[in-house]
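**Q** This is the structure I have questions about; it appears just below.
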Amino acid sequence: MPGTQGESSRLDRRRFLKRGLVGGGLLLCAGALPFAFRSTLRRRPRGPLRLLSADEYAVFAAAAARLVPGDGAGPHWPTADALDCAGKVDVLLAEVHPDMGSDFRRLLRLFESGVLGAVVAGSPRPFTRASAADQDARLEAWRRSRFALLRSGYQAIKRLAHASYYSSPEIYALVGYPGPPVVPKVPG
Amino acid sequence: MSAPGHIVDGGDLPELSSVEVDYVVVGSGAGGSVTAAVLAESGAKVAVLEEGGHYTKRDFNMQESWAYPALYQDHGNRATDDLAIMILQGRSVGGGTTVNWTSSFRTPERTLQLWAERHGVRGLDAATLAPHFEAVEKRLDIGAGNPDDVNANNRKLMEGAAKLGWQPELIRRSVKGCARLGYCGMGCPLDAKRSARTTYLADAVAAGAQVYADCRVKLVETDRGRVRAVTADVLDRGSDRPRARLVAYARRGVVLAAGAINTPALLLRSKAGLDSGVVGRRTFLHPTVPLISFYDQPVEAFYGAPQSVAVHHFADRGAAAGYFFETAPIHPMLGALAFPGFGDTHRRIVERLPYVQATIALLIDGHHDDQGGSVEVNGDGRVKLHYPLHATLREAAASALADMARLQLAAGAREVMTLHETPIVIRGEADIAQIAAAPFGPNQHTMFSAHQMGGAAMGEDPGGSVVDSRGRHHAIENLWIVDGSIFPTSLGVNPQLSIYAIARLFATEIAKARA
C-alpha cells in the first residue's frame with residue numbers, strides 16, 4: 001500500500017533532486033567550478049547568441065569539431081563550424097524548456113573544466129585549449145566512463161552535435177543519401 | 189447540426205481568452221481526436237486544446253532538421269532523465285499520429301486477459317472492443333497487409349524470419365493512396381497517411397468542435413470532486429514561449445488525451461486526483477533495441493514504407509520477458525544518433541548508410557516482475573521520465589540482439605553490428621555468444637522508445653488505479669482519460685490503433701451517459 005501523499009511527495013522530491021538532464025549530482029558539481037571559463041578559448045559566433053554565453057558557445061563548438069568527421073575524413077567533409085553546429089544548437093536550446101537549457105549550460109562548464117579534465121582523462125587544460133588528441137581522450141573518457149553521469153553528459157553533447165551536423169543537406173551526398181524524393185503531384 | 193468549427197492557431201488568440209463548452213479535450217492525437225469526434229457528433233460543444241502547432245502537408249518538407257524540432261516533444265530531444273532511452277513522441281495538431289509509422293494492430297487478447305486477471309480491468313475484452321476496432325479501421329483505411337509495401341529493409345526481416353521458421357507477418361497500415369516515400373515520421377507530404385488531423389479531427393471540426401493549436405495545458409482546476417476548467421499557456425510558435433493564456437471552462441467534463449507522459453504530468457502538476465498514489469507510476473515504453481546489418485547490395489532503408497513486416501515469434505517467452513521485431517527507417521540524422529562512437533569511427537559507419545539494414549526489438553515491459561518507469565514534474569512543471577532497465581528486460585535485450593543477429597545472417601547480411609558503445613561485430617554464429625557478456629547499463633547501448641504507455645492505469649481498484657475500466661477518474665467524477673496512459677502494462681504491439689479503439693469505446697459511453 002503506498003504511503004500518504006505527503007510522504008510520497010517528500011520521497012519524490014528527494015529522488016528528483018538526484019536527477020536532471022545529466023543527473024543532478026553532476027550538475028551540482030558544476031557550481032563548484034566558478035573559474036571553469038576563466039581561460040576558455042573563444043570562437044566568434046556567426047550572429048548574436050540566443051541562449052549560450054560566448055564561453056559556452058566556444059566549448060560546444062570545440063566539442064562538436066571533434067565529434068563530427070575529422071582528420072581522416074578528407075577535405076570534402078565540412079567542419080562543424082562550416083555547418084554552424086554550435087549556432088544551430090544555441091537556437092534549439094533557446095526554445096526547449098528553460099530548465100533543459102540551464103542544465104546543458106552547466107554541463108558545458110563542467111566539460112570545459114581543467115580540474116575535472118585532470119581527474120577524468122589526465123588532461124589539466126580547459127577543453128577548448130587542449131590538443132586535439134587530448135580533446136578526443138576527454139570525450140572518450142566520458143563516453144566509456146564507469147560513472148553513468150559522465151556517460152549521460154557525453155551523450156547530451158554528442159547527440160546535439162550529430163543532430164545538427166547530420167541533418168544538414170550538405171552531408172547527404174557524403175553518406176550516400178540522395179535526399180527526399182520529388183513528391184508526386186496529387187489533387188487537393 | 190452545429191456549424192463547423194475551426195482549427196485556431198495560438199497566434200490568433202488575444203493575451204487572455206476563455207471559452208466555455210460541454211467538454212474540453214486535452215490533446216489531439218489518437219485518443220483526443222476520436223473522443224472529440226464522437227462527442228461533437230452527439231451534439232455536445234467541444235474544445236480541443238493541443239500543445240503543438242497546426243501543420244499540413246504543405247509544411248512537411250521531409251527534412252529532419254525541420255521535422256523533429258517542429259513535430260516532436262521537446263523539439264525532438266525528449267529522453268529519460270539519464271538520456272539512456274531517446275523518446276520519439278509527437279507534438280502537433282494530430283499528436284503522435286502525425287509522425288506515426290502507420291503500423292496498426294489490435295490489442296492482443298492475451299494482453300486483455302492479463303489486464304483482467306492481474307490488474308482489475310473489467311469488461312474490456314476482444315468482443316467488446318471489436319465494433320470499435322472495425323469502425324476505426326474503416327475510418328483510417330486500415331486494410332490487409334500489402335506485400336507491395338515491403339521495401340528492401342523490411343524484406344530482409346521477412347526473408348530471415350521465414351528461413352528460421354519465425355513466422356513473419358505483413359503489417360496492416362493506416363494509409364490511402366500511399367506513395368511509399370518513406371517519410372511517415374516527418375509528416376506525410378501527400379496526406380496519404382490517415383492521421384488524426386485528416387480523419388477524426390476533421391470529423392470533430394465538421395461537427396462543430398473548436399481546436400486550439402499552440403495551447404499547452406498547465407493546470408486542471410478541480411473543485412469538490414469535479415473539474416471545472418483547464419488553464420493553458422498559449423505558445424508563440426517561433427520561440428515556443430508562453431505569450432498568452434486561455435482558460436477553457438467545461439460544463440460537463442474534461443477528457444485528458446495528452447499521452448502517457450504528459451497526462452500523468454498534468455495531474456501531478458495540478459495536484460489533482462492523486463489519491464491512489466499511482467499517478468505517474470508504472471510507465472512503459474516498449475524499450476527498443478536496434479541492430480544494424482551491412483549488405484553488399486543497397487538497402488536504402490530511408491525509402492519505402494517504414495514498417496511493413498513484424499515478427500512476434502518471441503512475444504511470449506513464458507517466464508521471461510517477450511519481444512517482437514520490426515524495422516526502422518534510417519535517415520542520416522536518426523542513423524547518426526543511433527550509431528555509436530564519434531569522429532571518424534562514427535563516420536565510417538554513417539558512410540555505409542545505403543547498405544545498412546535496421547531491425548529493432550521492442551521489449552514487452554510490465555508483463556512480468558518489471559515495474560516500468562515513473563513520470564515526475566519539478567517546481568517549474570518540467571517533466572521528468574525515469575526508467576531503470578530491469579534485469580528481466582536486460583536479459584530480453586541480450587536475447588533479442590542474438591536472435592536479430594541470427595535472423596540477419598540467415599537473410600544474407602555480410603556482417604551485423606550491435607549498437608553498444610563498443611560495438612560487437614558478428615559475421616557468424618560463433619560471434620553471437622559475445623552479446624551475452626556485453627553491458628546494458630545506461631548509455632552503453634542505443635535504446636529508444638516510440639511507444640509510451642501507462643502512468644495513469646485503469647482498473648476497478650481505486651487504490652491501485654487512476655481511472656475505471658471506462659476511463660472515468662475514480663475520485664473526480666467528470667474527468668476521463670483516453671490515451672495510452674491508461675494501459676496497465678505495455679501492449680506487445682504498436683499501440684496507436686488500440687488507443688483509437690479504446691478511446692472510441694469510452695467516448696461512446698460518455699456520450700450515452702450525457703444523452
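Going down the list, the sequences are from chains A and B.
Counting along the first sequence from 1, when you hit position 117 you're at 117 in our numbering, and nothing is skipped either side.
With positions in the second sequence counted from 1, the corresponding number in our numbering is that position plus 188.
Quick reminder that beta carbons are idealized off the backbone N, C-alpha and C, glycines included.
1. From glutamine 596 (chain B) to serine 481 (chain B), what distance separates their C-alpha atoms?
2. Look up leucine 577 (chain B) in the DSSP assignment and say whether it is helix, strand or coil.
3. Drop a sphere of 10 angstroms on the beta-carbon of lysine 344 (chain B), count the other beta-carbons inside from all chains shown, and report buried for 16 or more, exposed for fewer.
4. When the cut-off is 8 Å and only beta carbons count, does leucine 11 (chain A) lie next to chain B?
5. If we ignore side chains and look at the alpha-carbon of each, how far apart do tyrosine 57 (chain A) and leucine 389 (chain B) end up?
6. Helix, strand or coil, according to DSSP, for valine 604 (chain B) in the structure here?
7. Does DSSP put histidine 501 (chain B) in a helix, in a strand, or in coil?
8. Applying a beta-carbon distance threshold of less than 7 Å, which residues of chain A neighbour aspartate 428 (chain B)?
9. Have a look at leucine 21 (chain A) and alanine 272 (chain B) and give me their C-alpha separation to the nearest angstrom.
10. Does the beta carbon of arginine 138 (chain A) sit closer than 8 Å to a beta carbon anywhere in chain B?
11. Using C-beta distances below 6 Å, list every residue in its chain close to glutamate 609 (chain B), excluding the 5 sequence neighbours before and after it, in chain order.
12. Between which two residues does the beta strand (DSSP E) carrying glutamine 135 (chain A) extend?
13. Taking the alpha-carbon positions, what's the proline 180 (chain A) to phenylalanine 248 (chain B) distance?
14. 8 Å is my cut-off, CB to CB: does tyrosine 688 (chain B) come that close to chain A?
15. Could you check whether threonine 286 (chain B) and leucine 259 (chain B) sit closer than 8 Å to each other, using their CB atoms as the reference points?
16. I'd like the span of the alpha helix (DSSP H) that includes leucine 116 (chain A), first residue to last.
17. Quick check on this structure: which residue in B:Ala448, B:Ala549, B:Thr515 has the alpha carbon closest to the alpha carbon of valine 654 (chain B)?
18. Would DSSP call alanine 420 (chain B) helix, strand or coil?
19. Strictly below 8 Å CB to CB, what residues from chain A border proline 630 (chain B)?
20. May I ask which residues mark the beginning and end of the alpha helix (DSSP H) holding proline 60 (chain A)?
21. Per DSSP, what kind of secondary structure is proline 478 (chain B) in: helix, strand or coil?
22. What does the Cβ neighbour count give for valine 182 (chain A), buried or exposed, with the cut at 16 atoms within 10 Å?
23. Pull up the DSSP beta-bridge partners for glycine 717 (chain B), would you.
24. Could you tell me which residues DSSP pairs with cysteine 704 (chain B) in its beta bridges?
25. Glycine 70 (chain A) versus chain B: which residues are under 7 Å apart at the beta carbon?
26. From which residue to which residue does the beta strand (DSSP E) around tryptophan 303 (chain B) run?
27. Would you list, in chain order, the members of the stretch 508-526 of chain B that have their beta-carbon closer than 8 Å to a beta-carbon of chain A?
28. Would you kindly report the start and end of the unbroken beta strand (DSSP E) that includes isoleucine 749 (chain B)?
29. Just grab the DSSP bridge partners of valine 655 (chain B) for me.
30. Under 8 Å, Cβ to Cβ, is there at least one residue of chain A near serine 383 (chain B)?
31. Give the residues from the stretch 479-491 of chain B that approach chain A closer than 9 Å (Cβ to any Cβ), ordered along the chain.
32. Quick check on the DSSP output: what are the complete beta strand (DSSP E) runs of length 3 or more inside the stretch 483-560 of chain B, in order along the chain?
33. May I have the straight-line CA-CA distance separating threonine 606 (chain B) from leucine 358 (chain B), to the nearest angstrom?
34. Looking at the strands, I want to know which residues DSSP matches up with lysine 162 (chain B).
35. Specify the secondary structure class of glycine 441 (chain B) as computed by DSSP and reduced to three states.
36. Closer than 8 Å, Cβ to Cβ, to anything on chain A: give me those residues from the stretch 238-269 of chain B, in chain order.
**A** Taking the definition as stated:
1. Taking the first residue of the second sequence as 1, we reach residue 596 (chain B) at position 408. Taking the first residue of the second sequence as 1, we reach residue 481 (chain B) at position 293. Their backbone Cα atoms lie some 7 Å apart in a straight line.
2. The residue labelled residue 577 (chain B) in the question sits at position 389 within the second sequence. Note: leucine 577 (chain B) maps to coil in three-state DSSP.
3. As a position in the second sequence, residue 344 (chain B) is number 156, starting the count at 1. Looking at its Cβ environment, which holds 16 or more other Cβ atoms inside 10 Å, lysine 344 (chain B) is buried.
4. Counting from one through the first sequence, the residue named residue 11 (chain A) turns up at place 11. Bear in mind that the predicted position of leucine 11 (chain A) carries a pLDDT of just 39, short of 50, making it too unreliable to give a figure here.
5. Numbered from 1 along the first sequence, position 57 holds the residue referred to as residue 57 (chain A). Numbered from 1 along the second sequence, position 201 holds the residue referred to as residue 389 (chain B). Rounded to the nearest angstrom, the two C-alpha atoms are 42 Å apart.
6. Residue mapping note: residue 604 (chain B) aligns to position 416 of the second sequence, counting from 1. Reduced to three states, the DSSP call for valine 604 (chain B) is strand.
7. Looking up residue 501 (chain B) in the second sequence gives position 313. In this structure, histidine 501 (chain B) counts as coil in the three-state DSSP scheme.
8. Within the second sequence, numbered from 1, the residue matching residue 428 (chain B) stands at position 240. Those are Glu95, listed as they occur along chain A.
9. Position 21 of the first sequence, counted from the first residue, corresponds to residue 21 (chain A). Position 84 of the second sequence, counted from the first residue, corresponds to residue 272 (chain B). Per-residue confidence for leucine 21 (chain A) stands at a pLDDT of 40, beneath the threshold of 50, marking its modelled position as unreliable; the derived number appears in the next sentence. Approximately 11 Å between the Cα atoms of the pair.
10. As a first step, residue 138 (chain A) must be located in the first sequence, where it is residue number 138. Not an interface residue.
11. Translated into the one-based positions of the second sequence, residue 609 (chain B) becomes position 421. Closer than 6 Å at the Cβ level, and outside the excluded window around glutamate 609 (chain B), lie Pro528, Gln632.
12. For the purposes of this step, residue 135 (chain A) is identified with residue 135 of the first sequence, where counting begins at 1. Looking at the DSSP string, glutamine 135 (chain A) is not in any beta strand (DSSP E); the run it does join, the alpha helix (DSSP H), is 132-143.
13. On the first sequence, position 180 is the one that residue 180 (chain A) refers to. On the second sequence, position 60 is the one that residue 248 (chain B) refers to. C-alpha separation (whole angstroms): 11 Å.
14. As a position in the second sequence, residue 688 (chain B) is number 500, starting the count at 1. So no, tyrosine 688 (chain B) is outside the interface.
15. Start at 1 with the first residue of the second sequence, and residue 259 (chain B) comes out as number 71. Start at 1 with the first residue of the second sequence, and residue 286 (chain B) comes out as number 98. In contact: leucine 259 (chain B) and threonine 286 (chain B) (Cβ atoms closer than 8 Å).
16. If you number the first sequence from 1, residue 116 (chain A) lands on position 116. Run containing leucine 116 (chain A): 114-121, per the alpha helix (DSSP H) assignment.
17. For this step, residue 654 (chain B) is matched to residue 466 along the second sequence. Per the Cα distances, B:Ala448.
18. Taking the second sequence and counting its residues from 1, the one referred to as residue 420 (chain B) is at position 232. Of the three classes helix, strand and coil, the one that applies to alanine 420 (chain B) here is strand, per DSSP.
19. Position 442 of the second sequence, counting from 1, holds the residue named residue 630 (chain B). Correct list: Ala148, Arg151, Ser152.
20. Counting from 1 along the first sequence, the entry for residue 60 (chain A) is found at position 60. The sequence shown places phenylalanine at residue 60 (chain A), not proline. That run of the alpha helix (DSSP H) goes 54-67.
21. As a working mapping, residue 478 (chain B) is identified with position 290 in the second sequence. Looking at proline 478 (chain B) - three-state DSSP - the assignment turns out to be strand.
22. Sequence index remark: in the first sequence, residue 182 (chain A) carries index 182 (1-based). Valine 182 (chain A) should be labelled exposed.
23. One cannot answer for residue 717 (chain B) here, as it falls past the ends of chain B, which runs 189 to 703.
24. Given a span of 189 to 703 for chain B in the structure shown, any question on residue 704 (chain B) remains unanswerable.
25. Within the first sequence, numbered from 1, the residue matching residue 70 (chain A) stands at position 70. Going along chain B in sequence order, the residues near glycine 70 (chain A) (Cβ under 7 Å) are Gly531, Asp532.
26. Start at 1 with the first residue of the second sequence, and residue 303 (chain B) comes out as number 115. Per DSSP, tryptophan 303 (chain B) belongs to no beta strand (DSSP E); it is in the alpha helix (DSSP H), 297-306.
27. His519, Pro520, Met521, Gly523, Ala524, Leu525
28. Nothing can be reported for residue 749 (chain B): it is not among the residues displayed for chain B, which extend from 189 to 703.
29. Position 467 of the second sequence holds residue 655 (chain B). Beta-bridge pairing links valine 655 (chain B) to B:Met646, B:His661.
30. For the purposes of this step, residue 383 (chain B) is taken as residue 195 along the second sequence, with counting starting at 1. It does not; no Cβ of chain A falls within 8 Å.
31. Pro486, Glu488, Phe490, Tyr491
32. 497-499, 511-515, 544-551
33. The residue you call residue 606 (chain B) lines up with position 418 of the second sequence. The residue you call residue 358 (chain B) lines up with position 170 of the second sequence. Cα to Cα, threonine 606 (chain B) sits roughly 25 Å from leucine 358 (chain B).
34. The requested residue 162 (chain B) is not part of the displayed model; chain B covers only 189 to 703.
35. Working through the second sequence from its first residue, we reach residue 441 (chain B) at position 253. In this structure, glycine 441 (chain B) counts as strand in the three-state DSSP scheme.
36. Asn249, Met250, Gln251, Glu252, Ser253, Tyr256, Pro257, Asp262, His263, Gly264, Asn265, Asp269
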